[in-house]
Each structure stands twice: as structure tokens, then as C-alpha cells.
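Engineer: This is the structure, below, for whatever I ask next.
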Amino acid sequence: MSLPVPYLSAKTLTVVKSIDTSGAARVVNLGLNESWLGPAPGVVDALQRTAADVHRYADPACSTMRMAIGRQFGLDPARIVCGNGSEELLDAIGRVYARAGDEILFPAYSFLQFAIVAYRIGARAVESPLGPDFSVDIDALLAAVTPATRVVFLANPNNPTGVAVPMEEVARLARELPSNIVLVLDCAYAEYVDPADGAEAFAIADRHPNVVVTRTFSKAYGMASARAGWGYGHSAVVTALNNVRGIGNVNGMAQAAATVAIAQQDFIATVRERTAEGRRHLEQGLIALGFEVAPSEANFAFARLPGADAGWAAATVLRLAKRGYVIRSNEDYGLPEWLRISIGDTADIDALLELMRQELPMRASA
Ligand SMILES: Cc1ncc(COP(=O)(O)O)c(C=O)c1O
Numbered sequence: 001m002s003l004p005v006p007y008l009s010a011k012t013l014t015v016v017k018s019i020d021t022s023g024a025a026r027v028v029n030l031g032l033n034e035s036w037l038g039p040a041p042g043v044v045d046a047l048q049r050t051a052a053d054v055h056r057y058a059d060p061a062c063s064t065m066r067m068a069i070g071r072q073f074g075l076d077p078a079r080i081v082c083g084n085g086s087e088e089l090l091d092a093i094g095r096v097y098a099r100a101g102d103e104i105l106f107p108a109y110s111f112l113q114f115a116i117v118a119y120r121i122g123a124r125a126v127e128s129p130l131g132p133d134f135s136v137d138i139d140a141l142l143a144a145v146t147p148a149t150r151v152v153f154l155a156n157p158n159n160p161t162g163v164a165v166p167m168e169e170v171a172r173l174a175r176e177l178p179s180n181i182v183l184v185l186d187c188a189y190a191e192y193v194d195p196a197d198g199a200e201a202f203a204i205a206d207r208h209p210n211v212v213v214t215r216t217f218s219k220a221y222g223m224a225s226a227r228a229g230w231g232y233g234h235s236a237v238v239t240a241l242n243n244v245r246g247i248g249n250v251n252g253m254a255q256a257a258a259t260v261a262i263a264q265q266d267f268i269a270t271v272r273e274r275t276a277e278g279r280r281h282l283e284q285g286l287i288a289l290g291f292e293v294a295p296s297e298a299n300f301a302f303a304r305l306p307g308a309d310a311g312w313a314a315a316t317v318l319r320l321a322k323r324g325y326v327i328r329s330n331e332d333y334g335l336p337e338w339l340r341i342s343i344g345d346t347a348d349i350d351a352l353l354e355l356m357r358q359e360l361p362m363r364a365s366a
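Using full-length UniProt numbering, you'd call the opening residue of the sequence shown number 1 and step up by one each time.
Next up, the structure:
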């Protein structure tokens, strides 16, 4: 008996790695860039309030949610499209604007999802070289454009490096990129940088109809499990994305929670401040242990131990997980020496740093 043969193998279709924490009495997950500060005020109430209506279909147009987002940032709600997380929108952009044989371009060591979007549709994932310290080289990105390029993804700040691109450079990219290519400004970590940069991203989308900005409620708003994201762009792009997204892609509880959360900008300012403090604390601790850190501006640090054996980082991740501390190794990103550690509660970070200190003797086998 022959079985149906999938075109895609499942193993390449995830950015989330499973990790064995068995034996740990308590698990502190610093491996997924979630917010340790929890959901924005009002989110849990909104979820509970709307749970009683779970037998009803939600508004497929996400009208209230889009109006709330538009009001918050001074954007036209008609030019906003909501997604089941921003991930759905990245995927939808790939499906709408590229097909097999086309090229999807992004800087090296970008968010893994960009390559996955290309893989799912049989497009070619093309990476442009970076400058020093994981900086995005906009000239190299522009030089990598070919007649087959359909979509350019730029995560700002990027995951897994945390590195941000100065907005003048993003604006120049939008100006110099051929206007028939979609430029996606993936701003999943925008809440962690200057809000003026977020406003500038929307202004760039206003100036260039081929630019789409994506944002998420998963990170600073503390709603990762609710799955709510949104995109802003030209109405033609928004219409195209609405045509391919799932009809009921954002569930009613997530819509209600997002509608409440978007107004909580004082909370977001606190999250931004506390995350920056926490990042400094973690990075200083890592540097004191001998680590090198990338210039991250997001809710995680990116670090490596110079001179450590190949495989030390991955082995450390497995050992720490058994002791209840989950951090992320990056061999799937082609950066096996590097560790990505989300910011967390100070006591947990201090405990993690102590565990990492205990890992140092294992750095070299000789
Ligand atoms: C750069 C970047 N973009 C997009 C996403 C997707 O987030 P979500 O689908 O939860 O909105 C993530 C999640 O980690 C990310 O790191």
C-alpha cells in the first residue's frame, strides 16, 4: 500500500524547537522571546468576558480591532489587515506575491520564518551578506536583487541577533528598491525600540505602496498564545492579503484582547524600560563570564563564548534545560556557537548566569 507523499517535509517547517526539561521541578522558559511581564492590563478580563461567546463566530473582518489599532497609531483601519499572529501575514505575503522559482530575499541570519515562507511555496531563499557585528548592509541587500526577486523581508530588530537597522537606512532601502518588489518591514520587536522608529515605518509604508509593516501582540503586549498580529500597507496589498488569509483567522477572544491591549501604551513603555534594564543586566553578567554579545535591541540577548568547543553551546542548552532553564541554541540559523536568551525576571537571570558559570569548565575538551 502506498501512502500520499507530501511535497514538504515536516522537519523544516518550524522555528520552535522541543527541548527536554524532564527532571526540572520548575521550568523558566527563556527560549522563545516571550514577555516575562505578562499580558497587558485588561487582556485577561477581555479573554474571560468573550469566552462566554465562544459558540459564536467572530467578526471575520476584525473591524473593532482594526479601528482600535488605527486610532492608536493614527492609521486608516481600511489599510490594516489582521493575522493569526504576524507569522500568518508573512506567510500570506509569500503566497500572494511569490511562487515557485521566484526569489525571496533577506539579510543573512534573519528570522528563520522568512526562509520557511520561501520553502513552502518552492521559491528560492536568497540571503545577502551582513556587515560587522551582524549589522544589516543595505547596499549588499540591494545588490542581491535580481529580476526574480519578488519579496524582501527585513526584521527590525532582527531575531535571533536582536540587531536593529537605523530608520534612515530602512527609508533608503524603500527608496532604492524597485517598486514592483514587496518590502516587508517585520517590526515584531518594535515596542522595544524608540516608538518614533515604529511611526517612521508606517510613514515609509505611506510613501511607498510596495511596503508592508507587520506588528505583533505576541511580544511586548504579552499575548503570544492568543495569536494576534497585524499588517499595514497600501489598500491594494491589504486587499490581496485579505483574499488569502484564513476567513476566521483571528479568534474572537484574541480580537477582544488585542482591542484592549493596543490602548495600553503606558504599560508598553514600562515593558520597554524594564526589558532594556534586564537586557543590560543579562549582558553585563554574560560579559563578566567571558561572553561576547551582539548589539541586541530586542527582548533577548545574543551571545557566544569565544574559544569554546564546537558543540559546547548546544550541549549547554541541553544541560540547562534539565535544570529548568530553557535558552536557545542557533545551529538551525547557521550560528552554532551563539545562544539566544530572552530577558526574564532578575532572580531567574541571576540563577541562569550562575548555572552558565558552572558550564564554563566544559567549554574546552582538552
Ligand atoms: C522577527 C519575528 N517576526 C515575526 C514573529 C512572529 O510572531 P507572531 O506570529 O507570534 O506574531 C516572530 C516571533 O518570534 C519574530 O521573531
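Even for Gly, the Cβ is constructed at its ideal location relative to N, Cα and C.
Our contact map puts ALA310 next to ILE341 with C-beta atoms below 8 angstroms; I'd like the distance itself, whole angstroms only.
Structural biologist: With 8 angstroms as the limit, ALA310 and ILE341 do not qualify as a contact, their Cβ atoms being about 20 angstroms apart.
Engineer: Among residues of its own chain, excluding the 5 on either side of CYS187, which ones have a beta-carbon nearer than 7 angstroms to its beta-carbon?
Structural biologist: ASN156, GLY198, ALA201, VAL213, THR214 and ARG215, listed in sequence order.
Engineer: Report the residue from PHE134, VAL165, ILE138 and ALA118 whose alpha carbon sits nearest the alpha carbon of ALA148.
Structural biologist: Cα-wise, what sits closest to ALA148 is ALA118.
Engineer: Report the three-state DSSP secondary structure of ARG312 (helix, strand or coil).
Structural biologist: A quick correction: the sequence has Trp, not Arg, at residue 312. Looking at TRP312 - three-state DSSP - the assignment turns out to be helix.
Engineer: Can you give me the Cβ contacts of LEU105 inside the same chain, cut-off strictly under 6 angstroms, excluding the 5 residues immediately before and after it?
Structural biologist: Excluding sequence neighbours, LEU105 sits near VAL126, ALA144, THR149 and VAL152.
Engineer: Looking at GLU186 and ligand 1, is the gap between the Cβ and the nearest heavy atom below 8 angstroms?
Structural biologist: Looking at the sequence itself, residue 186 is Asp, so the reference to Glu does not match. Yes, the beta carbon of ASP186 sits closer than 8 angstroms to at least one heavy atom of ligand 1.
Engineer: If you drop the 5 nearest sequence neighbours on each side, which residues of the same chain put their C-beta closer than 6 angstroms to that of GLY23?
Structural biologist: Once the five neighbours on either side are set aside, the close Cβ partners of GLY23 are LYS322.
Engineer: Under 8 angstroms from any heavy atom of ligand 2, does the C-beta of GLY233 make it?
Structural biologist: No copy of ligand 2 occurs in the structure displayed; its ligands are ligand 1 alone.
Engineer: Would you mind sorting GLN284 into buried or exposed? The rule is 16 or more other CB atoms within 10 Å of its CB.
Structural biologist: Exposed.
Engineer: Using only the alpha-carbon positions, how far apart do ILE93 and LEU183 sit?
Structural biologist: Taking the straight line joining both Cα atoms gives about 10 angstroms.
Engineer: Are residue 371 and GLN113 close, meaning C-beta to C-beta below 9 angstroms?
Structural biologist: With the chain running from 1 to 366 in the structure shown, residue 371 is simply not present.
Engineer: Tell me the DSSP secondary structure of TYR221 in three-state form.
Structural biologist: Coil, per DSSP.
Engineer: What's the C-alpha gap between VAL326 and SER179?
Structural biologist: Near 42 angstroms, if we compare the C-alpha coordinates of SER179 and VAL326.
Engineer: Inspect the beta-carbon positions of ALA263 and PHE217 and report whether they are closer than 9 angstroms.
Structural biologist: The answer is no: Cβ separation not under 9 angstroms.
Engineer: Quick check on the DSSP output: the alpha helix (DSSP H) that includes ASP350 runs from which residue to which?
Structural biologist: Taken as a continuous stretch (DSSP letters only), the alpha helix (DSSP H) holding ASP350 covers 346-359.
Engineer: Grouping DSSP H, G and I as helix and E and B as strand, with all else coil, what is SER128?
Structural biologist: SER128: strand per DSSP, three-state reduction.
Engineer: For ALA257, which three-state DSSP category applies?
Structural biologist: Looking at ALA257 - three-state DSSP - the assignment turns out to be helix.
Engineer: Measuring CA to CA, which of ASP102, LEU339, LEU185 and ALA68 is closest to VAL293?
Structural biologist: Minimum Cα distance to VAL293 is reached at LEU339.
Engineer: Could you tell me the boundaries of the beta strand (DSSP E) in which ALA301 lies?
Structural biologist: ALA301 -> beta strand (DSSP E) spans 300-304.
Engineer: Kindly examine ligand 1 and report whether one of its heavy atoms sits closer than 8 angstroms to the Cβ of LEU90.
Structural biologist: Yes.
Engineer: With burial defined as no fewer than 16 other Cβ atoms inside 10 Å of the residue's Cβ, what is the status of VAL16: buried or exposed?
Structural biologist: Exposed: under 16 other Cβ atoms inside 10 Å.
Engineer: Do THR275 and ligand 1 come close, with the Cβ less than 8 angstroms from some heavy atom?
Structural biologist: No - ligand 1 has no heavy atom lying nearer than 8 angstroms to the Cβ of THR275.
Engineer: When you measure from the CB of GLU87 to every non-hydrogen atom of ligand 1, does any distance come out below 8 angstroms?
Structural biologist: Yes, the beta carbon of GLU87 sits closer than 8 angstroms to at least one heavy atom of ligand 1.
Engineer: Would the beta-carbon of ILE204 fall within 9 angstroms of that of ARG279?
Structural biologist: Against a cut-off of 9 angstroms, the Cβ pair of ARG279 and ILE204 comes out as no contact.
Engineer: DSSP three-state label for THR21, please.
Structural biologist: Correct three-state label for THR21: coil.
Engineer: Going by the DSSP bridge assignment, what does ASP106 pair with across the sheet?
Structural biologist: It is Phe, not Asp, that sits at residue 106 in the sequence shown. Answer by DSSP bridge pairing, in chain order: GLU127.
Engineer: Have a look at ALA108 and PRO132 and give me their C-alpha separation to the nearest angstrom.
Structural biologist: Looking at the two C-alpha atoms, the distance is approximately 12 angstroms.
Engineer: Would you kindly report the start and end of the unbroken beta strand (DSSP E) that includes TYR232?
Structural biologist: Element bounds for TYR232: 229-232.
Engineer: By DSSP's criteria, ASN29 is part of a beta bridge. Which residues make up the other side?
Structural biologist: Its beta-bridge partners are VAL326.
Engineer: For ASN123, which residues in the same chain have their Cβ closer than 6 angstroms to its Cβ, ignoring the five residues on either side in sequence?
Structural biologist: Looking at the sequence itself, residue 123 is Ala, so the reference to Asn does not match. Excluding positions up to five away in sequence, the list reads ALA98, ASP102 and ILE104.
Engineer: Could you give the distance in angstroms between the alpha-carbon of residue 367 and the alpha-carbon of ALA254?
Structural biologist: No information on residue 367 is available, as it lies outside the stretch 1 to 366 that the chain covers here.
Engineer: Starting from the C-beta of LEU320, find all residues in its chain whose C-beta is less than 8 angstroms away, skip the five residues before and the five after it, and write them out in chain order.
Structural biologist: Taken in chain order, the residues that qualify are VAL326, ILE327, LEU352, LEU355, MET356 and GLU359.
Engineer: Spatial neighbours of PHE291 within its chain, please: C-beta separation below 6 angstroms, excluding the five flanking residues on both sides.
Structural biologist: Excluding residues within five positions, the ones whose Cβ falls inside 6 angstroms are ALA303 and LEU305.
Engineer: List in chain order: all unbroken beta strand (DSSP E) runs of 3+ residues lying wholly within the stretch 179-204.
Structural biologist: Segments of the beta strand (DSSP E) lying fully in the stretch 179-204: 182-186.
Engineer: So which of THR346, GLU273, ALA40 and GLY252 has the shortest CA-CA distance to ALA52?
Structural biologist: Here the closest residue by C-alpha is GLY252.
Engineer: Since THR161 is in the alpha helix (DSSP H), which residue starts that stretch and which ends it?
Structural biologist: Note, THR161: premise wrong, no alpha helix (DSSP H); not H, not E.
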